[in-house]
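Engineer: Quick one: this structure, given as structure tokens, is what I'll be asking you about.
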Amino acid sequence: MKKTTITVSTSVKDADAFDLEAHLDWDGPAEPMRYEVHSQETIAPPVSADWAVLSVLFPLMKAKRDVFVDAPISAKLLHYVNTDIQAALTTFDPSLSRIEISAAETIEHPPERTNRRGTGFSGGVDSFATLFTYDVGTLQPLTDLTYFNVGTFGDEQSADSKQVFSDGYERAKRKADQRGLNIISIQGTVGHLYSPDYNFLKSHTVRNAAAALTLESHLDEYLYSSAFEYRFSQVKPHYELTPLDPILLPLMSNGAITFYSGCAGMSRFDKTALITEHPETFGELDVCILLAHNRTKLEKYNCSGCAKCFRTMLTLDALGKLDNYSDVFNLRYFRRKKAEAVRVISKLARSYHPIEIDLVERLAQAGTHIPGRAESWYHDFNDQVRKFRKRIFGKA
Numbered sequence: 002m003k004k005t006t007i008t009v010s011t012s013v014k015d016a017d018a019f020d021l022e023a024h025l026d027w028d029g030p031a032e033p034m035r036y037e038v039h040s041q042e043t044i045a046p047p048v049s050a051d052w053a054v055l056s057v058l059f060p061l062m063k064a065k066r067d068v069f070v071d072a073p074i075s076a077k078l079l080h081y082v083n084t085d086i087q088a089a090l091t092t093f094d095p096s097l098s099r100i101e102i103s104a105a106e107t108i109e110h111p112p113e114r115t116n117r118r119g120t121g122f123s124g125g126v127d128s129f130a131t132l133f134t135y136d137v138g139t140l141q142p143l144t145d146l147t148y149f150n151v152g153t154f155g156d157e158q159s160a161d162s163k164q165v166f167s168d169g170y171e172r173a174k175r176k177a178d179q180r181g182l183n184i185i186s187i188q189g190t191v192g193h194l195y196s197p198d199y200n201f202l203k204s205h206t207v208r209n210a211a212a213a214l215t216l217e218s219h220l221d222e223y224l225y226s227s228a229f230e231y232r233f234s235q236v237k238p239h240y241e242l243t244p245l246d247p248i249l250l251p252l253m254s255n256g257a258i259t260f261y262s263g264c265a266g267m268s269r270f271d272k273t274a275l276i277t278e279h280p281e282t283f284g285e286l287d288v289c290i291l292l293a294h295n296r297t298k299l300e301k302y303n304c305s306g307c308a309k310c311f312r313t314m315l316t317l318d319a320l321g322k323l324d325n326y327s328d329v330f331n332l333r334y335f336r337r338k339k340a341e342a343v344r345v346i347s348k349l350a351r352s353y354h355p356i357e358i359d360l361v362e363r364l365a366q367a368g369t370h371i372p373g374r375a376e377s378w379y380h381d382f383n384d385q386v387r388k389f390r391k392r393i394f395g396k397a
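Sequence positions in the sequence shown follow the numbering used here and run 2 to 397.
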């Protein structure tokens with residue numbers, strides 16, 4: 002098996018900012034991966050290259066390339082990235098290959114603790130739920146909010162992606178300032194190493210953990226807001242990596258940072274109910290999954306027409322709280338499309354999408370009509386006919 006060498010470099014720009022860069026000696030993309038890290042408070046760069054290993058794990062397993070890291074790696078992460086992490090990922094995607102990862106040096110992180118706990122804040126249901134659960138004054142309060150761009154919005158280097166990242170960071174910064182928390186931004190360029198087979202949905206947990214590991218000198222713990230509750234955790238092929246979160250996150254802890262799955266004991270429905278008790282979410286909830294080139298055209302945070310917007314609005318509607326969110330959703334459009342939204346969500350539930358399964362169960366219990374396969378097929382067929390007629394004749 003061919004071997005890839007990774008070399009890393011660190012550039013300290015100021016007491017509150019540093020850049021990291023990793024070069025790969027391989028036959029893949031030649032452009033290095035980079036992380037630009039900025040903090041409101043003083044922050045030190047990482048002492049290990051653990052961030053680099055996780056950043057390229059998916060691409061190198063796909064390319065069947067062994068890895069030598071010409072930099073220190075934590076002994077703990079090196080063990081698990083050669084064993085259990087790859088075992089889980091090759092079960093998740095059998096097209097991946099087991100590879101051997103070695104390093105110039107292994108290190109044990111010192112026992113000194115910073116007593117700092119961070120989490121990412123995107124303005125979505127999951128991140129708001131984690132924020133409120135670990136808010137100032139709770140038993141385990143947060144000290145830092147983070148905002149990453151590691152392919153979250155599509156191509157990290159596009160102008161649209163940078164604009165969406167900038168807007169999202171400003172929102173996260175306001176939230177941090179309101180609570181007296183430190184805010185850290187990380188702008189990455191790693192997406193070019195990933196093939197189209199590994200979109201963000203299929204690799205997000207590993208990508209975000211890699212970015213968080215750049216903060217190993219600053220944080221003790223990192224809460225990765227869970228999308229699925231524990232009952233949907235599993236290690237098997239799936240359309241996204243999320244079911245593996247509670248399994249993978251502890252394995253990616255490196256002795257300096259310990260990863261936890263934030264609020265995985267709650268369903269998305271219950272988390273949505275939690276955040277509706279906080280009026281600050283009324284004008285800030287951001288759940289839309291449109292990529293950056295479409296998001297920059299939106300008048301509100303959310304498009305109100307994608308599956309995730311439909312799912313959230315149906316949940317808010319079932320809770321009797323939808324009207325509170327008129328600043329972030331187009332409620333008139335939703336009410337016109339509500340029957341279609343139920344069809345979209347029920348179809349996803351039949352395809353074993355966990356969050357939609359839970360929502361459909363709740364809607365059915367509340368008396369909402371849930372269409373069966375035949376009814377959904379009938380509506381889909383008519384929709385296709387209308388689109389065809391509009392394309393050919395200019396009208397439906």
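In this text, a Cβ means the ideal position worked out from N, Cα and C, and glycines have one as well.
Would you call Y135 buried or exposed, if buried means 16 or more other Cβ atoms sit within 10 Å of its Cβ?
Structural biologist: To locate residue 135, count along the sequence shown from 1; it is residue 134. Under this definition Y135 is a buried residue.
Engineer: Would the beta-carbon of E109 fall within 7 Å of that of A72?
Structural biologist: Numbered from its first residue, the sequence shown carries residue 109 at position 108. Numbered from its first residue, the sequence shown carries residue 72 at position 71. No. Outside cutoff.
Engineer: So does the segment 97–114 actually touch the segment 266–275, counting three or more Cβ pairs closer than 8 Å?
Structural biologist: Counting Cβ pairs under 8 Å, fewer than three are found: no touch.
Engineer: Taking buried to mean at least 16 other C-beta atoms within 10 Å of its own C-beta, is Q87 buried or exposed?
Structural biologist: Here the question's residue 87 lines up with position 86 in the sequence shown. When all chains shown are included, Q87 counts as buried.
Engineer: With DSSP run on the structure shown, which of helix, strand or coil describes S234?
Structural biologist: Position 233 of the sequence shown, counted from the start, is the residue given in the question as residue 234. Coil.
Engineer: Would you call the segment 139–150 in contact with the segment 181–190, where contact means no fewer than 3 C-beta pairs closer than 8 Å?
Structural biologist: Yes, since at least three Cβ pairs between the segment 139–150 and the segment 181–190 fall closer than 8 Å, the two stretches touch.
Engineer: Between C289, T277, K4, L224, which has its C-alpha nearest F69's C-alpha?
Structural biologist: Mapped onto the sequence shown, residue 69 falls at position 68. Comparing Cα positions, the closest option is K4.
Engineer: Do the segment 216–236 and the segment 114–123 touch if we need at least three Cβ pairs shorter than 8 Å?
Structural biologist: At 8 Å Cβ cutoff, the stretches touch.
Engineer: Out of curiosity, what's the CA-to-CA distance linking H370 and Y326?
Structural biologist: Within the sequence shown, numbered from 1, the residue matching residue 370 stands at position 369. Within the sequence shown, numbered from 1, the residue matching residue 326 stands at position 325. Cα-Cα distance, rounded: 24 Å.
Engineer: How about the segment 166–175 and the segment 199–214: do they share at least three Cβ pairs that are nearer than 8 Å?
Structural biologist: Too few Cβ pairs lie closer than 8 Å, so no.
Engineer: From K237, A293, S128, pick the residue whose C-alpha is nearest to that of A228; which is it?
Structural biologist: Taking the sequence shown and counting its residues from 1, the one referred to as residue 228 is at position 227. That would be S128, whose Cα lies nearest to the Cα of A228.
Engineer: Could you tell me which residues DSSP pairs with M34 in its beta bridges?
Structural biologist: Stepping through the sequence shown from its first residue, residue 34 is reached at position 33. A23, per the DSSP bridge assignment.
Engineer: DSSP on S10, reduced to helix/strand/coil?
Structural biologist: Locating residue 10 in the sequence shown gives position 9, where the first residue counts as 1. Here S10 sits in strand by DSSP.
Engineer: Whole angstroms is fine: what's the gap from V9's alpha carbon to L214's?
Structural biologist: The sequence position of residue 9 within the sequence shown is 8, counting from 1. The sequence position of residue 214 within the sequence shown is 213, counting from 1. Cα to Cα, V9 sits roughly 14 Å from L214.
Engineer: Please report how far the alpha carbon of Y36 lies from the alpha carbon of S262, in whole angstroms.
Structural biologist: In the sequence shown, counting from the first residue as 1, residue 36 sits at position 35. In the sequence shown, counting from the first residue as 1, residue 262 sits at position 261. Cα-Cα distance, rounded: 23 Å.
Engineer: What's the gap between the Cα of M314 and the Cα of R351?
Structural biologist: On the sequence shown, position 313 is the one that residue 314 refers to. On the sequence shown, position 350 is the one that residue 351 refers to. When rounded, the distance between both Cα atoms is 20 Å.
Engineer: Mind checking V38: buried by the 16 CB within 10 Å criterion, or exposed?
Structural biologist: What you label residue 38 is simply residue 37 of the sequence shown in a count that begins at 1. Classification of V38: buried, given that the 10 Å Cβ count is 16 or more.
Engineer: Return the bridge partner residues of P73 from the DSSP annotation.
Structural biologist: Looking up residue 73 in the sequence shown gives position 72. The partner list for P73 (beta bridge, DSSP) reads E106.
Engineer: What residues match up with L478 in a beta bridge as DSSP calls it?
Structural biologist: Any property of residue 478 remains undetermined from this structure, which presents the chain solely from 2 to 397.
Engineer: Would DSSP call A64 helix, strand or coil?
Structural biologist: To locate residue 64, count along the sequence shown from 1; it is residue 63. A64 falls in the helix class under three-state DSSP.
Engineer: Within the continuous beta strand (DSSP E) that includes Y225, where are the two ends?
Structural biologist: Along the sequence shown, one-based indexing puts residue 225 at 224. First-last of the beta strand (DSSP E) with Y225: 222–226.
Engineer: How is F129 classed by DSSP in three states: helix, strand or coil?
Structural biologist: Taking the sequence shown and counting its residues from 1, one reaches residue 129 at position 128. F129: helix per DSSP, three-state reduction.
Engineer: For the alpha helix (DSSP H) holding Y334, just list the boundary residues, first then last.
Structural biologist: Here residue 334 is taken as the residue at index 333 of the sequence shown, counted from 1. Taken as a continuous stretch (DSSP letters only), the alpha helix (DSSP H) holding Y334 covers 332–351.
Engineer: Measure from the alpha carbon of S96 to the alpha carbon of each residue in M62, I290, E113, P112, then state which is nearest.
Structural biologist: Working through the sequence shown from its first residue, we reach residue 96 at position 95. Nearest of M62, I290, E113, P112 to S96, Cα basis: M62.
Engineer: Let's test the definition: count the other Cβ atoms within 10 Å of the Cβ of S12 and tell me whether it reaches 16, buried, or not, exposed.
Structural biologist: As a working mapping, residue 12 is identified with position 11 in the sequence shown. Burial call: exposed.
Engineer: Assuming D161 and T297 make a contact with CB atoms under 8 Å, what is their CB distance in whole Å?
Structural biologist: Translated into the one-based positions of the sequence shown, residue 161 becomes position 160. Translated into the one-based positions of the sequence shown, residue 297 becomes position 296. That pair is a contact at about 5 Å.
Engineer: Is A18 helix, strand or coil by DSSP?
Structural biologist: Here residue 18 refers to the residue found at position 17 when the sequence shown is read from its first residue. Here A18 sits in strand by DSSP.
Engineer: At 3 residues or longer, what runs of the beta strand (DSSP E) sit wholly inside the segment 295–320?
Structural biologist: The segment 295–320 contains no whole beta strand (DSSP E) run of 3 or more residues.
Engineer: Round the Cβ separation of V57 and I7 to the nearest angstrom and send it over; I've been treating them as touching at under 8 Å.
Structural biologist: As a first step, residue 57 must be located in the sequence shown, where it is residue number 56. As a first step, residue 7 must be located in the sequence shown, where it is residue number 6. Going by Cβ atoms, the distance from V57 to I7 rounds to 7 Å, so yes, they are a contact pair.
Engineer: Confirm, please, whether the CB-CB distance from L25 to N255 is below 7 Å.
Structural biologist: For the purposes of this step, residue 255 is taken as residue 254 along the sequence shown, with counting starting at 1. For the purposes of this step, residue 25 is taken as residue 24 along the sequence shown, with counting starting at 1. Not in contact: N255 and L25 (Cβ atoms no closer than 7 Å).
Engineer: Drop a sphere of 10 angstroms on the beta-carbon of V165, count the other beta-carbons inside from all chains shown, and report buried for 16 or more, exposed for fewer.
Structural biologist: One-based indexing of the sequence shown puts residue 165 at position 164. Counting Cβ neighbours within 10 Å, V165 comes out buried, since at least 16 surround it.
Engineer: Go ahead and label S49 buried or exposed: buried means 16 or more other beta carbons lie within 10 angstroms of its beta carbon, across all protein chains shown.
Structural biologist: Taking the first residue of the sequence shown as 1, we reach residue 49 at position 48. S49 comes out buried.
Engineer: Can you name, in chain order, every residue of its own chain whose Cβ lies under 6 Å from the Cβ of A53, other than the five neighbours on each side?
Structural biologist: Residue 53 sits at position 52 when you count from the first residue of the sequence shown. So the qualifying residues of the chain are I7, V9, A23.
Engineer: Give the DSSP bridge partners of Y261, in chain order.
Structural biologist: Counting from one through the sequence shown, the residue named residue 261 turns up at place 260. L224, per the DSSP bridge assignment.
Engineer: Cβ atoms of R336 and P372: under 7 Å apart, would you say?
Structural biologist: Against the sequence shown, residue 372 aligns to sequence position 371. Against the sequence shown, residue 336 aligns to sequence position 335. No, the Cβ-Cβ distance between P372 and R336 is not below 7 Å.
Engineer: Could you tell me which residues DSSP puts in a beta bridge with S40?
Structural biologist: Taking the first residue of the sequence shown as 1, we reach residue 40 at position 39. S40 pairs with I185.
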